[in-house]
Every structure is written in C-alpha cells, then in structure tokens.
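A.B. asks: Have a look at this one before I ask anything.
Residue numbers (my numbering): 2 to 296.
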C-alpha cells in the first residue's frame, strides 16, 4: 500500500505537510454604505479588508474596492481626531481633508503581519498630517520649524511668568525660565511676529479728548514715496541719456537735478538764456522720441 505517512506505535500518522498561515477570506462582505458602519464594526471589518489588500494586485478593480471601502469605513476615525483641533480658525472641512490624507497613508503602509492594531498606526498619521497643515498655513511668514515650536514654549513661559508677577517678562527672564540662551529667545520672539499678519484695512479706534476716532491701520502707515516713480523714470531714461553729448547731459542735470533756472544755467555756463532753452528743448525731444520708440 502506498502512503505518505509513517506510522508509529501508539501515535497518529506523521505527515509531511506544513502548517500554513490563515489565508485572507476568499469572499469579502459587501458593504453598501461604508461611512455608516459603526466604529466598533469598522475595526473588525478593517482587519478583513486590510488582509485582503495585502493579497490583491494593485490597480485592479478589487484593489480599488477594498482600499476605498477601508477609507470610507474609517472616516469616523478622522472626525474623532479632527475634533481635537476644532478650536482653530481653519475650516473643519479643510482639517478633515488633510486628516483623510493621513488615513490613506496609514492604510497603504499598514502591515497585517505585525501584531499592531490599525488604529494604533492610523491615529499618529492623521494627527501628523493635521499638525503639518496648521504649521504650514497659520504662519504669515515662513520660518524654520525650530522657531515655530519655540513660539509655543515662549507663549507658555510668558503665561507662567506673568502669573507670578505684574509685568511682562523680559528676554533674560524668559531665557532663565526656559534654560536657553538669550539670543535664541530673542530670535524666537522676532519669529513670533510671523505667526499672524494684520490687514491694513482693519478699523482702529483712538481716543482723544473723550471722543473716539475711527480709522484704518493704513492711516498709520507712511504714504507712497513719489520718488519711487521718479526712480522708475530715471531707469527708463538711462540708455537714452547715454546717447546725449556731455553738454546736453550737464544742462539736464542743472535744470532738473539742481533745479536751476535757465538764466542761472546760462550764467553758470556762459551761455545766453535763449541758447540754453534751445539746447534743453533739443535734449528733451531726443529723450521723448527714444521713449516713444520703445513703447
């Protein structure tokens, strides 16, 4: 008789077969509304779907179904994490979107062979994406991450020190409280100015004589320097000024730079006022034609 087993007295047959890992289920349950699955049920179903995701070929319709169902079933996890950031001024819709990116990363990187709950991996990924979103969008001026994190420490230290005394803590006091160099604290305080910006159209109120005067932040800012337009004109004239002769450039410098009258220029250069007028007219005409030809 042919047999693949070896019999021993008083013992069961000894076979040559090996023990295999439990395969993923051949048929997954159909979930018509994954987002409505209760969180407890989603955890159990996610185990089955994550196992299947490891075995199916990427890009196939089955792969897309399994992956999309996992995402939708676990959106409640994203909402749970996002609620911790509800006090921020950014819209909750934006927070949920970036949190979902973290969920997708967790699904794609989860390894079912490791004895780790999916939520244990997913929560840090979701939190990380949301925190990165706040770090990148709430700063009006881009500053290094080190200084962004220092801002939080400085705010906490200020609050603690102000609670102990009646004055705003100095750089030295903050440095002593945080046990760090004063120049680093000073750098962090400067960087704090980049956390939020102010609109020049924001209304302000200033008291005076018992009356309130309403204005805008823009009213406290200097007006535009008219010399800026002049500087632009000079830059545009430079190549054309180079085409004039020395006497014409001198006349223009005295007339428009030193603001001398034609009579004063004539006296300075030993020319009649009429001659000075003709030379200035010719020089200005040359410059005007050059500019018109450009534009």
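The beta carbon of each residue, even a glycine, is placed where N, CA and C say it ideally should be.
Does DSSP put residue 245 in a helix, a strand or coil?
C.D. replies: Three-state result, residue 245: coil.
A.B. asks: Got a sec? Which residues, its chain only, sit under 6 Å from residue 107 by beta carbon, not counting five neighbours each side?
C.D. replies: Once the five neighbours on either side are set aside, the close Cβ partners of residue 107 are 122, 123 and 126.
A.B. asks: So, residue 113 versus residue 63, is the Cβ gap smaller than 7 Å?
C.D. replies: In this structure, residue 63 does not lie closer than 7 Å to residue 113 by Cβ.
A.B. asks: I need the straight-line Cα distance from residue 74 to residue 166, nearest angstrom please.
C.D. replies: Near 52 Å, if we compare the C-alpha coordinates of residue 166 and residue 74.
A.B. asks: Does the beta-carbon of residue 135, which I'm using as the reference point, lie nearer than 6 Å to any heavy atom of the ligand GDP?
C.D. replies: The ligand GDP is not part of this structure, which contains no ligands at all.
A.B. asks: What distance in whole Å lies between the Cβ atoms of residue 51 and residue 71, which are believed to be in contact at a cut-off of 8 Å?
C.D. replies: Going by Cβ atoms, the distance from residue 71 to residue 51 rounds to 7 Å, so yes, they are a contact pair.
A.B. asks: Helix, strand or coil: how does DSSP classify residue 270 here?
C.D. replies: Helix.
A.B. asks: Please confirm whether residue 289 has its beta-carbon closer than 7 Å to some beta-carbon of chain C.
C.D. replies: Going by chain labels, chain C is absent from the structure shown, which holds only one protein chain.
A.B. asks: To the nearest whole angstrom, what separates the beta carbons of residue 87 and residue 40, a pair I think is in contact under 8 Å?
C.D. replies: Wrong, their Cβ atoms sit about 19 Å apart, outside the cutoff.
A.B. asks: Considering only their Cβ atoms, is the gap separating residue 162 from residue 170 smaller than 7 Å?
C.D. replies: Yes, they are a contact pair.
A.B. asks: Measure how close the beta-carbons of residue 284 and residue 255 come, nearest whole angstrom, since I'm counting them as under 8 Å.
C.D. replies: Residue 284 to residue 255, Cβ: 12 Å. No contact.
A.B. asks: With DSSP collapsed to three states, give me the class of residue 129.
C.D. replies: Helix at residue 129.
A.B. asks: In angstroms with no decimal places, state the Cα-to-Cα distance between residue 182 and residue 159.
C.D. replies: Between residue 182 and residue 159, the C-alpha separation is close to 16 Å.
A.B. asks: Is the beta carbon of residue 131 less than 7 Å from the beta carbon of residue 99?
C.D. replies: Going by C-beta atoms, residue 131 is nearer than 7 Å to residue 99.
A.B. asks: Between the alpha carbons of residue 6 and residue 57, how many angstroms are there, rounded?
C.D. replies: Residue confidence is low: residue 6 scores 40 on pLDDT, short of 50, so the model does not pin down where it sits. Its coordinate-derived value is still stated next. Taking the straight line from one Cα to the other gives about 35 Å.
A.B. asks: Which stretch, first to last residue, makes up the alpha helix (DSSP H) that contains residue 109?
C.D. replies: Unbroken alpha helix (DSSP H) run through residue 109: 93-110.
A.B. asks: Give the single residue among 286, 244, 168 and 176 whose Cα lies nearest to the Cα of residue 152.
C.D. replies: Among 286, 244, 168 and 176, the Cα nearest to that of residue 152 belongs to 176.
A.B. asks: Give me the Cα-Cα distance between residue 38 and residue 68, rounded to the nearest whole angstrom.
C.D. replies: When rounded, the distance between both Cα atoms is 16 Å.
A.B. asks: Under a three-way DSSP split, which group does residue 117 fall into?
C.D. replies: Residue state, collapsed to three classes: coil.
A.B. asks: Could you give the DSSP three-state label for residue 177: helix, strand or coil?
C.D. replies: Helix.
A.B. asks: For residue 185 and residue 104, I'd like the C-alpha separation in whole angstroms.
C.D. replies: Between residue 185 and residue 104, the C-alpha separation is close to 37 Å.
A.B. asks: Let me know the secondary structure DSSP gives residue 277 once reduced to three states.
C.D. replies: DSSP places residue 277 in helix when its eight states are reduced to three.
A.B. asks: Among the candidates 188, 249 and 244, whose CA atom is the shortest distance from the CA of residue 291?
C.D. replies: Closest option to residue 291, Cα to Cα, is 244.
A.B. asks: I need the straight-line Cα distance from residue 31 to residue 119, nearest angstrom please.
C.D. replies: One C-alpha to the other measures close to 21 Å.
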